[in-house]
């Protein structure tokens with residue numbers, strides 16, 4: 002496939018992501034407005050920070066008049082999982098991938114874009130991810146802008162209902178491979194069970210949500226790598 006074909010494929014696959022981001026970021030825009038941010042400030046934040054949990058935490062701390070240090074520390078914790086995603090994506094790229102492409106993918110890595118990018122068979126073309134970014138990024142920033150402008154006009158139930166599309170789309174990312182591979186299905190089930198447990202048991206209340214995600218990712222991924230190692234396919238020169 003050519004670069005243009007990869008971009009077109011990314012644009013097509015990124016449409017549901019952009020629509021989901023637009024719906025979810027409506028609520029984010031309302032939160033930004035309640036925190037005292039203007040439409041420009043909130044939209045610029047979404048254009049520079051592609052993280053729903055990170056932005057929600059940031060806006061909540063701003064509304065609570067928290068210090069810069071507290072905001073910076075919480076943002077680091079909430080978004081630390083993207084470091085793991087970026088490292089995983091580097092294993093999918095060809096060794097001769099230019100640094101500018103690597104930096105772009107690292108800057109725009111999100112849960113959904115990562116899920117579709119890492120699921121690509123063989124090596125990942127950065128232009129496929131760029132195609133998704135061209136749809137997803139405007140949807141995220143545009144939804145935030147509209148949320149600030151609408152304020153609290155939209156009922157909370159409507160905004161929550163729109164957000165279901167994002168979670169349904171993310172589930173659709175791992176269901177197909179889980180149906181084909183029993184090991185993946187097992188790991189998905191274990192991930193759900195452990196995630197539910199650490200969030201329900203009071204013994205883990207002292208751990209932040211971001212750190213819980215990071216710890217579970219490292220533990221489950223490490224155990225899977227040891228118990229079910231994947232043999233690299235031999236490539237002909």
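Residue numbers (our numbering): 2 to 238.
C-beta: ideal position from N, C-alpha, C; glycine also.
Everything numeric in this text was worked out from a predicted model, so none of it was measured.
| Query | Result |
| --- | --- |
| When the Cα of residue 218 is compared with those of 47, 193, 29 and 33, which residue comes out closest? | 193 |
| Whole angstroms are fine: how far does the CA of residue 56 sit from the CA of residue 46? | 8 Å |
| Check whether the Cβ atoms of residue 89 and residue 119 lie closer than 8 Å to each other. | yes |
| Over what stretch of residues does the alpha helix (DSSP H) that includes residue 4 continue unbroken? | 4 to 35 |
| For the alpha helix (DSSP H) that residue 185 lies in, which residues bound it at each end? | 183 to 201 |
| What's the call for residue 178, buried or exposed, on a 16-neighbour Cβ count within 10 Å? | exposed |
| With C-beta atoms as the reference, is residue 36 less than 8 Å away from residue 63? | yes |
| Tell me the rounded alpha-carbon separation between residue 172 and residue 228. | 25 Å |
| Strictly by DSSP, which residues pair up with residue 94? | 125 |
| With 16 other CB atoms within 10 Å as the buried threshold, where does residue 51 fall? | buried |
| Would you call the segment 131 to 151 and the segment 16 to 23 touching, i.e. three or more CB-CB distances under 8 Å? | yes |
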